[in-house]
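Protein chains in written order, with this note's numbering: chain A, 21 to 419; chain B, 275 to 416.
Virtual Cβ for every residue (Gly too), placed ideally from N, Cα, C.
This structure is a prediction, so every number in the text was calculated from the model and none was measured.
Contents: one structure, followed by commentary.
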Amino acid sequence: MKLREQFPALAQRVHGKPLVYLDSAATSQKPRAVIEAVQRYYEQDNANVHRGVHALAERATAALEGARAKVQKFINAASPNEIVFVRGTTEAVNLVAHSFGPVRAGDEIVVTALEHHSNLVPWQRLCARTGAVLRVAPVDDRGELDLPALERLLGPRTRLLAAAHVSNAIGAINPVARICELARARGVRVLLDGAQAMPHLPVDMQALGCDFYAFSAHKLYGPMGAGVLYGRAELLEQMEPWQSGGEMVTSVSYEKATFQKPPYRFEAGTPDVGAAVGLGAAIGWLEQQDRRALAAHEQGLLQYGLALLRDVPGLRMVGAPRERIGILTFTMEGVHPHDVGTLLDQEGVAVRTGHLCAQPLLQRLGAPAVVRASLAAYSVRSDLEALASGLLRVRETFP
Amino acid sequence: MNDLYQKTIVDHARRPRNFGQLAGANRSAQGVNPLCGDEITVHLSASDRIEAVSFEGAGCAVCLASASLMTLAVSGLSPAEAGRLVQRVRELVAGGDGANLGDLQALQGVSPFPARQKCALLAWRALEAALAGEAAAVSTEL
Numbered sequence: 021m022k023l024r025e026q027f028p029a030l031a032q033r034v035h036g037k038p039l040v041y042l043d044s045a046a047t048s049q050k051p052r053a054v055i056e057a058v059q060r061y062y063e064q065d066n067a068n069v070h071r072g073v074h075a076l077a078e079r080a081t082a083a084l085e086g087a088r089a090k091v092q093k094f095i096n097a098a099s100p101n102e103i104v105f106v107r108g109t110t111e112a113v114n115l116v117a118h119s120f121g122p123v124r125a126g127d128e129i130v131v132t133a134l135e136h137h138s139n140l141v142p143w144q145r146l147c148a149r150t151g152a153v154l155r156v157a158p159v160d161d162r163g164e165l166d167l168p169a170l171e172r173l174l175g176p177r178t179r180l181l182a183a184a185h186v187s188n189a190i191g192a193i194n195p196v197a198r199i200c201e202l203a204r205a206r207g208v209r210v211l212l213d214g215a216q217a218m219p220h221l222p223v224d225m226q227a228l229g230c231d232f233y234a235f236s237a238h239k240l241y242g243p244m245g246a247g248v249l250y251g252r253a254e255l256l257e258q259m260e261p262w263q264s265g266g267e268m269v270t271s272v273s274y275e276k277a278t279f280q281k282p283p284y285r286f287e288a289g290t291p292d293v294g295a296a297v298g299l300g301a302a303i304g305w306l307e308q309q310d311r312r313a314l315a316a317h318e319q320g321l322l323q324y325g326l327a328l329l330r331d332v333p334g335l336r337m338v339g340a341p342r343e344r345i346g347i348l349t350f351t352m353e354g355v356h357p358h359d360v361g362t363l364l365d366q367e368g369v370a371v372r373t374g375h376l377c378a379q380p381l382l383q384r385l386g387a388p389a390v391v392r393a394s395l396a397a398y399s400v401r402s403d404l405e406a407l408a409s410g411l412l413r414v415r416e417t418f419p
Numbered sequence: 275m276n277d278l279y280q281k282t283i284v285d286h287a288r289r290p291r292n293f294g295q296l297a298g299a300n301r302s303a304q305g306v307n308p309l310c311g312d313e314i315t316v317h318l319s320a321s322d323r324i325e326a327v328s329f330e331g332a333g334c335a336v337c338l339a340s341a342s343l344m345t346l347a348v349s350g351l352s353p354a355e356a357g358r359l360v361q362r363v364r365e366l367v368a369g370g371d372g373a374n375l376g377d378l379q380a381l382q383g384v385s386p387f388p389a390r391q392k393c394a395l396l397a398w399r400a401l402e403a404a405l406a407g408e409a410a411a412v413s414t415e416l
């Protein structure tokens, strides 16, 4: 079956026009293999995990732990105990911002100017709580990280560096291997936000040598509700729990409790087993694809899209990173991005508009609100042609 | 191309009427939409009647056109009449009846786009706040 036909949501009409889905960086559509795996779980195996002794509880537990093992292999973590299931990237970052430590007054946390709010605001709050200082590594006018400036920010008080692997706003791929190397040389821990990287790039935790890596299932062709915090075992073992309750304890009296080892110490309460199963299925689906060919396909589409957009009068690209994934971010002279978004929607074209949860970066690049078209494995040339012709019609409406 | 971006909306967005400060204004209020950063300030010179009205700010075409249309529609109304018109516009952008509303009927075009209805109502909410003498900015998210 053709890859695109495996995504049922793509085969529909919107406002009477065929759907052109160019918002995969917000969330990807899901292949039938994922949808069916989740459905099968609920139809056959649904039970609460890690406590029941009955057959369904054992199947549900095996399903959850099977998903953990798939994640471990997919990102080449050293152990399944380094895979903490969370709701998504945001929760993973918040977990580390809560439990990583000690961070004391005068310590420093370094982020980059490219961060999504979810890899910025938790660090702002950590600093406000502890008296630590937040430092921001700048980008140049292309939106590329200024690596020498980042290096200069890493000092004796730097406790942690938090950086996007790939920018959600402009698609820039950060040189994460080099970033990890610089940090490691100075004894600084690194958290990478992999939300946008995972669907497009191979990642290998042991080769990369980062300390924490966060991502969401739903951008990776999986369901909403499941995400992963990878943490090096040695660090997770030193970290305090964050949420507490059932599942994360070994024994409890009225006075006190002792806590499980990672990853369970960080998984209080009933997890979203169905979503974890879906994540496992999404990984299984991706492993069946020729990922190198998919990456080449997306890069080809990106170049095609960039060429098409050059011919739209009054269109200005925002950011020009040389290493990038299939994200096209732009403004239209004299037309507010929300009007562009609504006009495109009426043509069946789904894009994201606004500040993309990256307000500081977009301010830096001189475009507080933008339009973003983003690609995935199922994107095709006609999607970009529909975008370009939709934009020409926007120009006709706002001459 | 569509029902929302008709001539009226595009024309008022590109050439907003009564745009700018208002000499002799005795009431002002700001409306903000934190989701998209749009902000509109409405100035009134009003006692028993709204004698003059203007607006300033930045926003999308729907937001600016609605504000511009509002200044034309409420000039000369009593505060109570203006309050009733705000209510009719609320119903209109949600898909309600636009009979006898003249150019304001163009705002009905946002009704199929729930995410955009707030854009059309921002200036009207600021008008309400100005009439009520509210000091703080009104937000679409409160």
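If residue i sits next to residue j, beta carbons under 8 Å apart, how far is it from one beta carbon to the other, in whole angstroms?
i      : j      : result
A197/A : A98/A  : So it is not a contact: roughly 18 Å between Cβ atoms.
V123/A : L146/A : 6 Å
G298/A : V113/A : Actually they are not in contact, since the Cβ atoms of G298/A and V113/A sit about 22 Å apart, beyond 8 Å.
G298/B : R323/B : No, G298/B and R323/B are not in contact; Cβ-Cβ is about 14 Å, not under 8 Å.
V332/A : L412/A : 6 Å
W305/A : V54/A  : 6 Å
I283/B : A335/B : 6 Å
R177/A : D127/A : 5 Å
N292/B : T345/B : 4 Å
L401/B : A356/B : 7 Å
L240/A : L321/A : About 19 Å separates the two Cβ atoms, so there is no contact after all.
Is there a C-beta anywhere in chain B that falls below 7 Å from the one on residue i?
i      : result
L39/A  : no
T349/A : no
T132/A : no
D359/A : yes
T178/A : no
T362/A : yes
H136/A : no
T81/A  : no
G374/A : yes
T417/A : yes
H356/A : yes
Check whether the Cβ of residue i lies closer than 7 Å to any Cβ atom in chain D.
i      : result
F387/B : Reference to chain D is not applicable here, since the protein chains of this structure are A and B.
Just mark residue i as buried or exposed, buried being the case when its beta carbon has 16 or more other beta carbons within 10 Å.
i      : result
R179/A : buried
R149/A : exposed
R399/B : buried
P357/A : buried
H136/A : buried
V338/A : buried
V104/A : buried
E275/A : exposed
G305/B : buried
L76/A  : exposed
E257/A : exposed
R330/A : exposed
Any beta-carbon of chain A closer than 7 Å to the one on residue i?
i      : result
R390/B : yes
A368/B : no
A394/B : no
A380/B : no
A335/B : yes
S413/B : no
What residues match up with residue i in a beta bridge as DSSP calls it?
i      : result
A157/A : T132/A
F293/B : F329/B
M337/A : F350/A
V306/B : E313/B and S413/B
A251/A : Before going on, a small fix: residue 251/A reads as Gly here, not Ala. Answer by DSSP bridge pairing, in chain order: F232/A.
G165/A : Inspection of the sequence shows that residue 165/A is occupied by Leu rather than by Gly. DSSP output for L165/A lists V159/A as bridge partner(s).
V104/A : L249/A
R344/A : A192/A
R33/A  : P38/A
D213/A : A184/A and A234/A
A320/B : I324/B
Reducing DSSP to helix, strand and coil, say where residue i ends up.
i      : result
R392/A : strand
G376/B : helix
F286/A : helix
E313/B : strand
Y41/A  : strand
L351/B : coil
V58/A  : helix
F468/A : Absent from the structure is residue 468/A, since the part of chain A shown begins at 21 and ends at 419.
A389/B : helix
G86/A  : helix
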